[in-house]
Amino acid sequence: MDRISAGVPGGLLSVFNLMRRLASEKNVPVFLVGGQVRDAVLEISVRDLDFVLVGDAPALAADIADRLGGQFTVHSRFGTATVYIEGYHVDIVTARKESYSFPGSLPETSPSDLDDDLARRDFSINAMALPLSGNNPKIIDPFGGLKDLSDGLIRVLHSDSFADDPTRMMRAVRYEQRLGFNITVDTLLELGQTISRGHISAVSGDRWRQELYRVFWEYESVPILIRLMQLGILQGIHPALTDARAVNKLLGQSEIPSSHLISALVANMNSVDGDSLSQRLNMPSDLTRIVRDTITLGGLKSSISAPDVKISEICRILDALEPGAIEATVRFTSEPLLSERLIRYLREWRQLRGFLTGDDLLDMGIPSGPRIGKILRELRSALLDGLVSNMADERTLIGEIIQRGD
Ligand code: CTP
């Protein structure tokens, strides 16, 4: 218990200690559950706290928030509540039993005891509870989670687990790669059957997208994505998610933002598949643009790398694209010339502006209107292509443009 306390960040410690007091002095049947017990055993520092209460979780959350001066929200469908204190959040759930009316549906729940609450969970290593009363409580471990932790195994609790909730397949791979564990042979078999029975398609795009974000936020996001492809899980979400070449190029790179990971996933897709993937995952508009622009850029690679292409032409192509898609392409392209030109665009050419401004053009007697923008663009192109290099050159060029009359 002291080891867990030591790993609990400052802001959460007051909640943890209050829960312990309520459990010891008032016999409140509250337990630490799930990932925190797993991480405490593995001596990984605890990031947040999940409690299960055999009783009314929203009422306990209200009491805790009141005593510690925090806020709380209640999710009545599942009898769960979240307390917010000092920028941290703590989930308290009512111990419950779950049943799924069809594969991939949201579960029907009813309040129950701790045994049922542990039995509804995904993997043995996440189905342990730690009573909060006393100084040396014993971990409650009905499914052999401690042994699986020491053997490094990810194991579902029952054969319908993935069919009930196919997002657990992605969770299995996340834990496997994060912890350096192995998924047991039986669990892999269940996983394969869940895919071949098509249960993945029963899960909404929003839920899959949320699970994908959780993959993206992992330190080992790239190996996780590669493994998800190898196992056919991503392909189950969308049939075009099969090409791992760009993702493979990200191996060994660090601090890869989600938008770059999405970009690598779609790098070798065609635009019809890209659009339907965005729809399948109900992607927000910024990611939809990343998908679209990554694919567009993929189709324009040869124009950008052409030996005689003008810099102004490269900029005309790239100005229309999301910078995130360009940055991502730099990360995974295997074409040095393309990479060099994209980097120069991002660092240098993109920011370059002519010496004369719109006001200068007005002062020179050019009437306001779209023509000003057109001339400014022509000045920038001339500067990029080395045709002008100072304000005098630009004035001469403007004279020529005016004479040309366009
Ligand atoms: N859980 C589950 N099935 C899911 C999601 C969650 O059984 N599809 C259970 C697991 O027991 C899990 C707990 O709910 O441990 C809390 O879920 P979550 O916060 O997602 O997982 P953590 O174990 O805390 O994992 P992480 O370290 O990734 O936050």
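405 is the number that numbering that gives the first Met the number 0 gives the last residue of the sequence shown; the numbers go up by one with no jumps. Heads up, the beta-carbon is just placed ideally off N, CA and C, and yes, glycines get one too. Note that the structure is predicted; figures quoted are calculated from it, not measured.
Environment of residue i [buried if 16+ CB atoms lie within 10 Å]
i, result
"Q402", "exposed"
"Q229", "exposed"
"A324", "buried"
"R343", "exposed"
"L42", "According to the sequence shown, residue 42 is Glu rather than Leu. Exposed."
"A216", "Here the sequence assigns Trp to residue 216, which means Ala is not the residue at that position. By the 10 Å Cβ count, W216 comes out exposed."
"D307", "exposed"
"Q35", "buried"
"V155", "buried"
"A319", "exposed"
Residue i Cβ short of 7 Å to the ligand CTP heavy atom set
i, result
"A128", "no"
"T186", "no"
"G33", "yes"
"D49", "yes"
"D150", "no"
"R208", "no"
"T108", "no"
"T93", "no"
"T166", "yes"
"D140", "no"
"D121", "yes"
"N125", "yes"
"R340", "no"
"R170", "yes"
Closest by C-alpha distance to residue i, when choosing among the options
i, options, result
"D116", "A61, T93, P130", "T93"
"S284", "R177, S258, V155", "S258"
"V290", "D205, P28, N267", "N267"
"P106", "I397, L113, L178, K96", "K96"
"A239", "H74, I194, D272", "D272"
"P165", "G68, P8, D65, S195", "S195"
"T487", "L227, G298, L375, E347", "There is no way to answer for residue 487, as the model of the chain reaches only from 0 to 405."
"E189", "S160, G197, W207", "S160"
"P381", "L396, R370, P222", "It is Ala, not Pro, that sits at residue 381 in the sequence shown. When each option's Cα is compared against that of A381, the closest is L396."
"Y83", "L52, G69, I365", "G69"
"A80", "A60, I223, A64, F122", "A60"
Identified DSSP bridge partners for residue i
i, result
"N181", "L152"
"V29", "L52"
"L129", "L31"
"F122", "V155"
Give, in chain order, every unbroken run of the alpha helix (DSSP H) that is at least 4 residues long and sits entirely within the stretch 228-272. 232-236, 244-248, 257-265
Where are the alpha helix (DSSP H) runs, 4 residues long or more, that stay fully inside the stretch 202-231, in chain order? 204-215, 220-229
Let me know the beta strand (DSSP E) ranges lying completely inside the stretch 374-402, each 3 residues or longer, listed in chain order. none
Every unbroken beta strand (DSSP E) inside the stretch 61-95 [3 residues or more]: 70-74, 79-84, 87-93
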